[in-house]
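Each residue of the sequence shown is one higher than the one before, counting from 37 in this note's numbering.
No residue lacks a Cβ here, since even glycine has one placed at the ideal position from N, Cα and C.
This structure is a prediction, so every number in the text was calculated from the model and none was measured.
Right, one structure below, let's go through it.
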Amino acid sequence: MTLASSPQPTPHGRQRLSAAWLGTRTAAAMMVALSAATAGCADLSSPGTTDAPVPGQSVQASAMKASVPLRVEIPDAKISSRIISLGLNKDRTVAVPPIQKNDPVGWYKNSPTPGETGPSVLLGHVTVGRYGKGVFSRLEAVDKGDSILVTRKDKSTARFTVDRVKKYPRNKFPTDQVYANTATPQLRVITCAGSLNSRTGQYKENLIVFASLASG
């Protein structure tokens, strides 16, 4: 999948995210899931500039210092994976996790590290071509109140509580709810969902897990 070029992203770790940290359509890379037909989610709107609280947000823990995420566990969905850091390709599109057996979860390294103030973004495949199911094939099993554990390089663990899980039509991506500045540590876990459009080779929906830091 080829995505539109991106402006220079904001360095991670800032308490306030710039709307430029993801460019127009760059967010599409966050929802990529490839099938044997190289299908994926695409053509999402650019992040807004307003502050937007997440509906149903849980009680917040204090923000953690910056530390690169290494592993994510979602016990209730039986998801356990290493995390790789993803930046920009030479053509300034966002890199995505490799299509391989036991594919990893990707963390967009120009978003805050999990546990810092702001929305940290994790992304993963729902299918991985000839290898079958992707790392987030069971993400739909996640429910409100579930825990997401992110192990970080400094050996700390950021524990998030899921506030809500929702599917959105591909052409109605909730840009502000995902990327708007937040005053508290947030996590967004994103993949594709719904049926595959055989004509466009794209999934028809996005599945987004919204979570808040519970302890760290």
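Pair within 8 angstroms by beta-carbon distance, residue i and residue j
| i | j | result |
| --- | --- | --- |
| E241 | Y204 | yes |
| L249 | A97 | yes |
| V178 | V164 | no |
| D139 | G168 | no |
| A229 | Y239 | yes |
| I120 | V108 | no |
| V186 | P221 | no |
| E176 | L106 | no |
Per DSSP, the bridge partner or partners of residue i
| i | result |
| --- | --- |
| I115 | I110 |
| T149 | In the DSSP output, where bridge partners are listed per residue, T149 has none listed. |
| R200 | F246 |
| A229 | E241 |
| Y144 | L122 |
| L185 | E109, R195 |
| T236 | T236 is not bridged to any residue. |
| T211 | According to DSSP, which records beta bridges pairwise, T211 is partnered with nothing at all. |
| Q222 | P155, S248 |
| P205 | E241 |
Residue i versus the options, residue with shortest Cα-Cα distance
| i | options | result |
| --- | --- | --- |
| Q136 | N217, G160, N233 | G160 |
| L183 | R118, S103, I119, F246 | Strictly speaking, residue 183 in this sequence is Ser, with Leu absent from that position. When only C-alpha atoms are compared, the closest one is F246. |
| R206 | S231, P221, M100 | S231 |
| F209 | F196, R200, I226 | I226 |
| G252 | R188, T211, S234, K145 | R188 |
| S173 | V104, K114, A99 | K114 |
Residue span of the beta strand (DSSP E) that contains residue i, given as start and end
| i | result |
| --- | --- |
| V171 | Premise fails: V171 is in no beta strand (DSSP E) and is neither H nor E. |
| V157 | 154–159 |
With a cut-off of 8 angstroms, do at least 3 Cβ pairs link the region 123–133 to the region 184–203?
-> Touching, no, given that fewer than three Cβ pairs across the two stretches are closer than 8 angstroms.
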